[in-house]
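Quick note on numbering: the sequence shown equals residues 57 to 517 in the working numbering. Note that the Cβ used here is the ideal one computed from N, Cα and C, for glycine as well. To start, the structure itself, in structure tokens.
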Amino acid sequence: MNKNKQELLKQLPSVDSILKIYEKANENEEIDIHLKKAIRNTLDTVRHNILNEKLNNLPSDQQWLELIKEATIKERELSLRGVINGTGTILHTNLGRSVMSSVIKENLDEIAFGYSNLEYDLAKGTRGSRYSHIENILKELTGAEAALVVNNNAAAVLLALKSLVPNKEVIISRGELVEIGGSFRIPEVIKMGGGTLLEVGTTNKTHLKDYQEVITEETGALMKVHTSNYRIVGFSEEVSNSDLAKLAHQHDIPLINDAGSGILLNLTEYGLPYEPSVKDLISEGADIVTFSGDKLLGGPQAGLIVGKKKYVDMMKQNQLLRALRIDKLTLIALEATLRIYLDEESCFEKIPFLKMLSLSLDECKAKALELKTMLDSSIFNIELVNGQSEIGGGSYPERELPTYLLRITSEKYSPQDIERLLRTGKIPIIGRIQKDAFVLDVRTINNDEFIKVKEALMAIN
Ligand SMILES: *Cc1c(COP(=O)(O)O)cnc(C)c1O
């Protein structure tokens, strides 16, 4: 090792001496574990750089302070944290899918930080069931005889198959053998459930007789799956939920309907194509309907199961339920979300997904103008342009919602630079690059987040 390197390493200050410098310069700041860790990490980095000859001088006191300040900010950051979604995709799978209603805060405050009657029947003073807390409300909202809830819809489908058709055939249309994101593939799940998959029809057309022809003693269930994330258009035909239910009942077997996103309301008023609600599917005769809590419902991650009592009871008795058990935080959030649906009008105000979905183009424009006015900047040039938001979460593919975007450009930074700087800032802002410019869609940015967008832009200079 050359002399200079050795000399520098010897002169490296100790953790304590750097801490003293830091304390003197930041009198009001708390000395916590994160600060000490940041000092140790910074010392390691400097030592490493000296050894690799990337550094030929020790940092000055001022430079130490700057290095430590930056490292401390990083150390104090949580790994999982809030971001601002400027992509315009309302159910963004990578950004936490649905945003929960702030109404839930009160419920969490009241219940989550103390003991609760999670599994205790207060009227009888005996052991109760965690599922009892959502069963009545789900029955009311869907018209079903019984209800159950598990971790997510994938778990709900698995539990249904494991409980109702182990070792039997499950008949499903070739047009519905879908893969949902995260490699959830219907054929694999049927296999995992212990059933044998019997495909009928073709990719684009399946008729009632295709099902009729293959039903035998070996058939355990008919299954219908919502083709959430893609659509077969043109020369296509599928058998309706009600016709399949009739056929299933003639043979005394259940129809399991994986509704995917599962809606409780009619959203045609908002320019979306008609989709049967979970209530419609039940009234048309589906024996079990499963759907997600954090897609179109706009609640926490959960798998909701509604249907005939006889079949739901079979699921309640399955040992697998224990492994798919929903947590109390989720139950609190789910009950609170479902209660909002009791008053349909308030849904569009209180459930963020529905609120963002139902924003009109004029409302988007007003939001965009308000944000643009706040963002007056010398470095960035900001314009309003027309754009399209997406629903996301594998729901309503191809269906875009007209919106307004803020197109943010700069002489100094490329669109890629702007994207990176905003994504890696103190409050991460996620936008997208469109036609070689960085854009933010106001549909998915809440008005109370505007100030954070302003701060983030001002922090770049
Ligand atoms: C999204 C989806 C699932 C998986 O639901 P999760 O709640 O993400 O587990 C299953 N089936 C269909 C049809 C879906 O759209």
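- Fully enclosed beta strand (DSSP E) runs of no fewer than 3 residues occupy 344-348 and 359-363 of the region 316-365, in order along the chain.
- In chain order, 321 place their CB closer than 8 Å to the CB of residue 400, counting only its own chain and leaving out the 5 sequence neighbours on each side.
- Cα atoms of residue 370 and residue 361: separation of roughly 12 Å, rounded to the nearest angstrom.
- Rounded to whole angstroms, the Cβ separation of residue 160 and residue 392 is 5 Å, and the two are in contact under 8 Å.
- For residue 326, the CB contacts under 7 Å within the same chain, skipping 5 residues up- and downstream, are 413 and 414 in chain order.
- Residue environment: residue 436 is assigned as buried (16 or more neighbouring CB atoms within 10 Å of its CB, all protein chains considered).
- The straight-line gap separating the alpha-carbon atoms of residue 471 and residue 143 is approximately 15 Å.
- Between residue 513 and residue 458, the beta carbon gap of about 25 Å keeps them out of contact (Cβ cut-off 8 Å).
- Taking every protein chain shown into account, the CB of residue 116 has fewer than 16 other CB atoms within 10 angstroms, so this residue is exposed.
- Spatial neighbours of residue 175 in its own chain (CB-CB distance under 8 Å, excluding positions within 5 residues in sequence) are listed in chain order as 183, 184, 185 and 186.
- For residue 411, the CB contacts under 7 Å within the same chain, skipping 5 residues up- and downstream, are 404 and 405 in chain order.
- With a beta-carbon spacing of about 6 Å, residue 253 and residue 226 fall inside the 8 Å limit used to define contacts.
- In chain order, 446 and 448 place their CB closer than 6 Å to the CB of residue 145, counting only its own chain and leaving out the 5 sequence neighbours on each side.
- Pairwise C-beta distances place the region 479-494 out of contact with the region 419-428, as fewer than three of them are shorter than 8 Å.
- Note that the region 362-382 touches the region 327-344; at least 3 beta-carbon pairs, one per stretch, sit closer than 8 Å.
- Taking 8 Å as the cut-off, the Cβ atoms of residue 309 and residue 279 do not count as close.
- 157 is the residue among 119, 76, 157 and 85 whose C-alpha sits nearest the C-alpha of residue 402.
- Taking a C-beta distance under 8 Å as the contact criterion, residue 102 and residue 68 qualify as a contact pair.
- Note that the region 240-258 does not touch the region 378-391; fewer than 3 beta-carbon pairs, one per stretch, sit closer than 8 Å.
- In this structure, 120 is the residue among 149, 120, 272 and 109 with its C-alpha nearest to the C-alpha of residue 81.
- Look at residue 141 here: in three-state DSSP terms it is strand.
- Distance from the CA atom of residue 396 to the CA atom of residue 281, rounded to whole angstroms, is 27 Å.
- A distance criterion of 7 Å places the beta-carbon of residue 281 in contact range of ligand 1, judged by its closest non-hydrogen atom.
- Secondary structure of residue 128 (DSSP, three-state): helix.
- If you draw a straight line from the Cα of residue 499 to the Cα of residue 107, it comes to about 51 Å.
- Looking at the backbone, the Cα of residue 99 and that of residue 71 are separated by about 8 Å.
- Take the alpha-carbon of residue 504 and the one of residue 431: they are about 14 Å apart.
- Taken from the Cβ of residue 384, every heavy atom of ligand 1 lies 7 Å or farther away.
- Here the alpha carbon of residue 464 sits roughly 39 Å from the alpha carbon of residue 209.
- Residue 260 has its Cβ no nearer than 7 Å to any heavy atom of ligand 1.
- Residue 153 is classed as buried because its beta carbon has at least 16 other beta carbons within 10 Å across all chains shown.
- Taking a 10 Å sphere around the C-beta of residue 62, we find fewer than 16 other C-beta atoms and assign the residue as exposed.
- In the DSSP secondary-structure assignment, residue 455 is not bridged to any residue.
- Nearest neighbour of residue 260 by Cα position, chosen from 304, 233 and 275, turns out to be 233.
- The beta carbon of residue 274 lies closer than 7 Å to those of 224 and 225 in the same chain, with the five residues before and after it left out.
- For a cut-off of 8 Å, the C-beta gap from residue 317 to residue 284 is around 6 Å, short enough to register as a contact.
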